[in-house]
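> Quick one: structure below, then a few questions.
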Amino acid sequence: MSIALTEEKIKEALVNLPDWTFANDKIKREYIFRNFVEAVGFIVEIAFVCEKSNHHPELLNVYSRVQIELTTHDAGNKISEKDLDLAILIEEIAKKRI
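Residues 527 to 624 in the numbering used here are what the sequence shown spells out, letter by letter.
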């Protein structure tokens with residue numbers, strides 16, 4: 527079972543993830559790609575990382591935009607280290623694509 531982080535710890539961690547925001551017990555980010563195919567390709571690539579880490583984000587894709595929200599269900603739908611670790615991995619993938 528994952529342990530929920532305090533709001534202070536979350537805000538400290540987001541210093542290293544400047545494009546991510548924290549609200550309503552989730553960390554969130556939106557990515558904008560050149561077109562639909564690139565956006566979906568990004569989703570497919572992060573799907574493998576998410577599956578390997580057994581942590582699955584909430585995703586929304588509208589044409590070239592991908593919105594990602596992370597929270598940990600087994601931490602009471604709060605933010606845990608799992609969310610921060612996955613956000614870092616997603617950022618690494620995004621840097622190669624944007």
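For each residue, glycine too, the CB sits at the ideal point set by N, CA and C.
Alpha carbon to alpha carbon, what distance is there between ILE616 and PHE562?
So the two alpha carbons sit approximately 18 Å from each other.
> Within its chain, find whatever has a CB closer than 6 Å to the CB of ALA620; leave out the 5 residues flanking it on each side and keep chain order.
Excluding sequence neighbours, ALA620 sits near TYR557.
> List the endpoints of the continuous beta strand (DSSP E) containing ILE614.
No beta strand (DSSP E) contains ILE614, which is instead part of the alpha helix (DSSP H) from 607 to 623.
> Can you list the alpha helix (DSSP H) stretches of 4 or more residues lying completely in the segment 545 to 605, in chain order?
List check, alpha helix (DSSP H) in window: 562 to 579.
> Identify, in the order they occur along the chain, each residue of the same chain with its Cβ nearer than 7 Å to the Cβ of ASP609, setting aside the five sequence neighbours on each side.
So the qualifying residues of the chain are ILE553, LEU596, THR597 and THR598.
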